[in-house]
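Below is one structure, written out as structure tokens; the observations come after it.
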Amino acid sequence: MPLVTTKDMFEKSMKEHFAIGAFNVNNMEIIQGIVDAAAKENSPVILQASSSAIKYARIEYLIKMVEAALQEYDIPVALHLDHGADFETCKMCIDNGFSSVMIDGSKYDFEENVEITKKVVDYAHNKGVVVEAELGKLAGIEDEVKVGAEDAMYTDPDQAKEFVDRTGCDSLAIAIGTSHGAYKFKGEAKLRFDILQKVKEKLPQTPIVLHGASTVIPELVEMCNKYGGNIPGAKGVPDEMLHQASLSGVSKINVDTDLRLAMTAAIRKIFTEDPSVFDPRKYMLPARELITETVQHKIRDVFGSSNKT
Ligand code: G3H
Ligand code: 13P
Ligand code: ZN
6 MPLVTTKDMF EKSMKEHFAI GAFNVNNMEI IQGIVDAAAK ENSPVILQAS
56 SSAIKYARIE YLIKMVEAAL QEYDIPVALH LDHGADFETC KMCIDNGFSS
106 VMIDGSKYDF EENVEITKKV VDYAHNKGVV VEAELGKLAG IEDEVKVGAE
156 DAMYTDPDQA KEFVDRTGCD SLAIAIGTSH GAYKFKGEAK LRFDILQKVK
206 EKLPQTPIVL HGASTVIPEL VEMCNKYGGN IPGAKGVPDE MLHQASLSGV
256 SKINVDTDLR LAMTAAIRKI FTEDPSVFDP RKYMLPAREL ITETVQHKIR
306 DVFGSSNKT
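Residue 6 is where the sequence shown starts when you use our numbering, and the numbers rise one by one after that.
Following this line, the structure appears as structure tokens:
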């Protein structure tokens, strides 16, 4: 199946109340781990690359590896730019064949965000590419966009409606209490489902995106720590909340941190248990397998996108 945009998968997700996982990719094993899982679950999937991932892996390699995955499996796969910081980055990805881009104008004021988003939408739509935009600020560190916790700002539902009307963006990332990375909550995990509900009332036809949505899976954190890691006090969004989000109008759930934890945990285990190992395949294979297991769990048990191709 050729690369698809997110249009059809999002329409189905809104009609049938499930979410699609958008997983960050940086190398071959991560891509394979994710698509193996999506194929086993017969699920649509979004592979997303940040600017730093593109810099690391190089855009041609990323695209060719995704093309290889498309040859191997007959499931809907979208290739998405995560947190595009400016028009030029979005244009580069569109021109190189990405099917979806995010323009992250959340660091700007409302009018500037509208302006830059609209510029990307006009260019992208002309080429058949869809656009995700962001309104509201997440706490923590975004890709090349640092936002202090004190600046964290939930999305205003009325502004969200005006923003989508004026920009024509295809999906909207909102801030309801998630944040990027492994340290999302100091105390209890809390998401503002009331804001999500108000946004959906104003924008029933707009797919909503949740960034910073890793669970920070406790078993993976424990495994990292058990085998020499040092990630104390890590905490994410519990599976039950993500499941609730996927039933409540969230169409795309972004996951990076959990994949990083899975890969690191598997590699740490091998290195600790057998210090004589130095063949990369001996530790990259279990790393890829643990990514597959992690992604399958999310698709099947949390997001509900199994058999939704
Ligand atoms: O939201 C940010 C993603 O986790 C990507 O992170 O810029 O380190 O690739 P990165
Ligand atoms: P996590 O850090 O929670 O995995 O969020 C990833 C993300 O939002 C990528 O855009
Ligand atoms: Zn993000």
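Glycine included, each C-beta is placed from N, C-alpha and C at the ideal position.
Using only CA atoms, which one of the options lies nearest to residue i?
i    : options                : result
G233 : F276, L215, A292       : F276
K240 : K274, P212, E193, D163 : E193
Y78  : H88, S57, K45, K69     : K45
K274 : T172, K231, S56, F115  : K231
K166 : S55, I213, I272, K195  : I213
V300 : A144, S48, N31, Y61    : S48
I99  : C229, T10, K142        : T10
D336 : M14, S55, A90          : No answer is possible for residue 336: the residues shown for the chain start at 6 and end at 314.
Y288 : I272, K191, T160, M19  : I272
K17  : G217, R265, K303, L252 : L252
N31  : F308, R265, C229       : R265
D13  : G182, A73, I80, A250   : I80
L52  : G89, N29, V242         : N29
P243 : P285, A270, D306, Q202 : D306
S111 : G309, Q76, M246, F168  : F168
G89  : I68, I59, D114         : I59
M228 : L201, L208, A138, T269 : T269
Y61  : M33, Q76, E72          : M33
For residue i, is the beta carbon positioned less than 7 Å from some heavy atom of the ligand ZN?
i    : result
G182 : no
N259 : yes
Strictly by DSSP, which residues pair up with residue i?
i    : result
Y188 : K240
Q164 : DSSP output for Q164 lists no bridge partner at all.
A83  : I51
V136 : V106
I179 : L140
N259 : A27
I213 : L177, V255
M158 : K142
G234 : Looking at the DSSP assignment, G234 forms no beta bridge with any residue, so it has no partner.
G38  : Its beta-bridge partners do not exist; DSSP assigns none.
So does residue i have its beta carbon nearer than 7 Å to some heavy atom of the ligand G3H?
i    : result
I58  : Note that residue 58 corresponds to Ala in the displayed sequence, not to Ile. Correct: A58 has its Cβ closer than 7 Å to the ligand G3H.
N29  : yes
A216 : Looking at the sequence provided, one finds His at residue 216 rather than Ala. Result yes, Cβ under 7 Å from the ligand G3H.
S55  : yes
With hydrogens ignored, establish whether the beta-carbon of residue i is closer than 7 Å to any heavy atom of the ligand 13P.
i    : result
G110 : no
V300 : no
S256 : no
H88  : yes
S281 : no
H185 : yes
T122 : no
T262 : yes
Just confirm the distance between the C-beta atoms of residue i and residue j, as a whole number of angstroms; I'd bet it's less than 8 Å.
i    : j    : result
L8   : A83  : 7 Å
V226 : K189 : The pair is not a contact, with the Cβ atoms about 12 Å apart (cut-off 8 Å).
A218 : L247 : 6 Å
At a cut-off of 7 Å, would you count residue i as near the ligand GDP, judging by its Cβ distance to the nearest heavy atom?
i    : result
G309 : The ligand GDP is not part of the structure shown, which contains the ligand G3H, the ligand 13P and the ligand ZN as its ligands.
#### Entry: Cβ contact check for the stretch 103-114 and the stretch 129-142: 3 or more pairs under 8 Å
When C-beta atoms of the stretch 103-114 are compared with those of the stretch 129-142, three or more pairs fall below 8 Å, so the two segments count as touching.
Problem - Three or more C-beta pairs below 8 Å linking the stretch 256-270 and the stretch 23-36 - result: The answer is yes - the stretch 23-36 touches the stretch 256-270, with three or more Cβ pairs under 8 Å.
Original post:
Between the stretch 35-45 and the stretch 291-311, are three or more C-beta pairs nearer than 8 Å?
Top reply: Touching, yes.
Exercise. Tell me, please, whether the stretch 79-99 touches the stretch 109-126 by the rule of three or more beta-carbon pairs shorter than 8 Å.
Key: Short answer: they touch.
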